[in-house]
Amino acid sequence: PVLKGKTVVVIDDSIVRGTTARQLAGLIYSAGAKAVHIRISSPPVTDPCFYGMDFPSKEELFANTHFGNVQAMAEWLRVTSLGYLTPEGLVEAATRSSGTRHSFCRACFTGVYPVPVTGQATGQDW
2 PVLKGKTVVV
12 IDDSIVRGTT
22 ARQLAGLIYS
32 AGAKAVHIRI
42 SSPPVTDPCF
52 YGMDFPSKEE
62 LFANTHFGNV
72 QAMAEWLRVT
82 SLGYLTPEGL
92 VEAATRSSGT
102 RHSFCRACFT
112 GVYPVPVTGQ
122 ATGQDW
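Numbered by our numbering, the letters in the sequence shown go through residues 2 to 127 in order.
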């Protein structure tokens, strides 16, 4: 009964496929929550990572399966609301926390890769 009648805010680093967030929201509602809000501390993941992260293809990424429509994503997750940082917000947050503006890869959020991606890295040769 800890969550009965409560509003719950879940914070996560990202949503890649959406299946975990949807299952978690269901469990929270099953525990009696009246509302579930999800906040993601990154922009939507819209592009695969070819530098070591195990992301699915562009077509399988959660944000792309809903054409970037955050309301449609929230409905599929069965949550009250869903919110993401913008790419600019991510850079600003990193800058504020360190005091220095850092350059880091944002390709999975923007589709702009720091070096060209070809051949095996794209899965074409697998």
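Here a beta-carbon is modelled for each residue, glycine too, at the ideal position from N, C-alpha and C.
Given the structure is predicted, the values throughout are model-derived calculations rather than measurements.
Sequence-distant residues of the same chain with beta carbon closer than 7 Å to residue i, five excluded per side
i, result
"residue 5", "33"
Simplified DSSP assignment, three categories, for residue i
i, result
"residue 18", "coil"
"residue 30", "helix"
"residue 25", "helix"
"residue 1", "No statement about residue 1 is possible, as the shown extent of the chain runs from 2 to 127 and does not include it."
"residue 82", "strand"
"residue 102", "coil"
"residue 107", "coil"
"residue 46", "coil"
"residue 125", "Residue placement at residue 125 cannot be trusted, given a pLDDT of 46 that sits under 50; what the coordinates show is reported in the next sentence. Residue state, collapsed to three classes: coil."
Separation of residue j from residue i, as counted between CA atoms
i, j, result
"residue 80", "residue 36", "7 Å"
"residue 65", "residue 12", "21 Å"
"residue 30", "residue 72", "19 Å"
"residue 3", "residue 21", "22 Å"
"residue 39", "residue 17", "14 Å"
"residue 90", "residue 112", "17 Å"
"residue 48", "residue 119", "15 Å"
"residue 92", "residue 104", "8 Å"
"residue 9", "residue 94", "24 Å"
6 Å Cβ shell around residue i - same chain, five flanking residues per side excluded
i, result
"residue 85", "41, 44, 45"
"residue 60", "none"
Buried versus exposed call for residue i [16 or more other C-beta atoms within 10 Å across all chains shown]
i, result
"residue 83", "buried"
"residue 110", "buried"
"residue 14", "exposed"
"residue 75", "buried"
"residue 63", "buried"
Contacting residues, own chain, Cβ-Cβ under 8 Å from residue i (five flanking each side not counted)
i, result
"residue 115", "106, 108"
"residue 57", "17, 18, 49"
"residue 69", "45, 47"
Notebook entry, point to check: Is the stretch 19 to 28 touching the stretch 50 to 59 in the sense that three or more CB pairs, one from each, lie closer than 8 Å?
Noted result: no
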